[in-house]
Amino acid sequence: MRPVDLAREHGLSTQAIRNYEEAGILPAADRTAHGYRTYTPLHAQALRAFLALVPGHGHQRATSIMQAAGRGATEEALRFIDDSHGQLLEDRRTLQAVEAALGDLAPVPPEHGDTFIGPLARRLGIRPATLRKWENAGLVRPRRDPQTGYRIYSPADVRDVRLVHQLRRGGYLLEQIAPLIAQVRSAGGVAPLESTLRDWRARLSARGRAMLKGAADLDAYLRARDA
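So this is what it looks like as structure tokens:
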């Protein structure tokens, strides 16, 4: 088949097909007497496998998987797949930790106006050094006064400090708290975070399903290649 035949099935350009071949994602094509590329059903299966792998593994890792498979280094390809599954498992554990921590949080009253490290530490009954430790861990990010260099905690910073304080009292470690605070910060608060967590969970599930689809198409390609 011609490059355009291979490209048309997936809505790709013929240049994309040539690029995939040059990158080692597809096996090298045979050439006609006039130098035109010709592809086989094996190339079509390789392309389907690659495109199925991308949603679950990302473009770069899917490329590495197909390059290894093309070289006959099946074990190397499988290790790349294992790495992706390991990352997915770690992401699931992070989500579970965030959900568990969120369930332990009491409502945080809204804050108004900025404050400094001393008054904030006294309000919470902790030492200023503790706030600096949390800042060094990336859990809180107060800005600095350009004239004095003093830390200035905005209402959002105070919210983060209160959440960290709650979780520390609940026995959570700083490294366990960090993902939750990052999610709260990106969501703009705890309430919007619940929707963010649902979306996060859905994305992880979609990624897991995509990995299954990619594995099936890769297996079909490897079987066809070895036949």
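Here numbering that gives the first Met the number 0 is used: position 66 in the sequence shown is 65, and no number is missing along the way. Each residue gets a CB set at the ideal place from its N, CA and C atoms; glycine is no exception.
Using three-state DSSP, classify residue i as helix, strand or coil.
i      : result
Asp113 : coil
Asp144 : coil
Thr73  : helix
Thr227 : Nothing about residue 227 can be reported from this structure: the residues present for the chain run from 0 to 226 only.
Arg122 : helix
Arg256 : Summary: the structure shown does not reach residue 256, with the chain confined to residues 0 through 226, and so no result is reported for it.
Val3   : helix
Leu138 : coil
Ala128 : helix
Leu101 : helix
Ala22  : coil
Ala226 : coil
Between residue i and residue j, what straight-line distance do the alpha-carbon atoms span, to the nearest angstrom?
i      : j      : result
Ala15  : Ala6   : 8 Å
Glu8   : Gln95  : 40 Å
Ile233 : Ile180 : With the chain covering only 0 through 226, there is no way to say anything about residue 233.
Ala76  : Arg91  : 23 Å
Gly137 : Leu11  : 43 Å
Pro54  : Arg30  : 31 Å
His111 : Thr195 : 25 Å
Val68  : Leu166 : The residue asked about is misnamed: residue 68 is Ala in this sequence, not Val. Approximately 46 Å, taken between the alpha carbons.
Leu50  : Asp113 : 50 Å
Arg168 : Leu123 : 12 Å
Ala214 : Leu52  : 7 Å
Gly85  : Thr13  : 35 Å
Arg206 : Ile80  : 13 Å
Leu41  : Val157 : 59 Å
Gly170 : Trp199 : 25 Å
Pro127 : Pro145 : 20 Å
Thr39  : Ala45  : 10 Å
Thr73  : Gln66  : 10 Å
Ala209 : Arg17  : 25 Å
Ala223 : Arg70  : 14 Å
Leu88  : Arg121 : 40 Å
Gly57  : Ala43  : 20 Å
Tyr149 : Phe115 : 7 Å
Arg131 : Thr93  : 25 Å
Lys212 : Thr147 : 58 Å
Trp133 : Asp216 : 47 Å
Asp218 : Ile64  : 12 Å
Gln59  : Glu20  : 15 Å
Leu203 : Ala32  : 49 Å
Ala190 : Gln182 : 11 Å
Looking at C-alpha atoms only, which residue of the options is the closest neighbour of residue i?
i      : options                           : result
Gly34  : Pro2, Arg150 and Ala209           : Pro2
Pro273 : Ala48, Gln182 and Gly187          : Residue 273 is absent from the structure shown; the chain starts at 0 and stops at 226.
Ser153 : Ala226, Leu162, Arg142 and Ser204 : Arg142
Glu98  : Leu192, Ala22, Arg206 and Arg208  : Leu192
Leu221 : Ile24, Arg17 and Tyr19            : Ile24
Ser83  : Thr62, Gly102 and Ala72           : Thr62
Glu174 : Arg161, Ala209, Asn135 and Ala22  : Asn135
Ser185 : Arg208, Arg161, Ala155 and Val160 : Ala155
Leu162 : Ile116, Lys212 and Ala100         : Ala100
Met0   : Ala32, Thr37, Ile151 and Ala177   : Thr37
Gly117 : Ala190, Val183, Ser204 and Ile151 : Ile151
Whole alpha helix (DSSP H) runs in the segment 145-221 with 4 or more residues, listed along the chain?
For the segment 145-221, whole alpha helix (DSSP H) runs of length 4 or above, ordered along the chain, are 154-168 and 173-186.
Contained alpha helix (DSSP H) runs [length at least 4] in the segment 44-99, N- to C-terminal order
As far as the segment 44-99 is concerned, its whole alpha helix (DSSP H) runs of at least 4 residues are 58-69.
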